[in-house]
Amino acid sequence: MRAIILAGMRLQREQSLETPLADASDRQPSTSSRAESFLRIGAVLARTGLSKTTLYRLIRAGRFPRQEPLSDRCKGWRESGVDRWLSNPAAYRD
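So this note's numbering is basically just the index in the sequence shown, starting at one, shifted up by 1042.
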């Protein structure tokens, strides 16, 4: 019985090795199905090089994206908004 099980496992392994892997270009995510990523305060400060004080000052002035509530006690920034700000900080207006 054990020999039959081992032979079956070997056959499955050989069959899985024979099937070609999908090319990475075949699996391009569509923009509509891709979920938006959020960044927490530490990641935003690390990416931008700003201090907390400067970050919140820019938010109040409308020159940096506002954070959004993720849960009752958690807020974050949309990664796309931070990237947009990083592309041209001087011209950004919220």
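For glycine and all other residues, C-beta sits at the position ideal for the given N, C-alpha and C.
Predicted model only: the values in this text are computed from it and were never measured.
R1082 carries a coil assignment under DSSP once its states are collapsed to helix, strand and coil. G1123 counts as buried, since no fewer than 16 other beta carbons sit within 10 angstroms of its beta carbon. In the assembly as shown, L1128 is an exposed residue. Its beta-carbon has fewer than 16 other beta-carbons within 10 Å. With a threshold of 16 other beta carbon atoms within 10 Å, P1107 meets it and is buried. Under the DSSP definition of a beta bridge, E1110 partners with G1118. In the displayed model, A1103 falls within coil according to three-state DSSP, outside both helix and strand.
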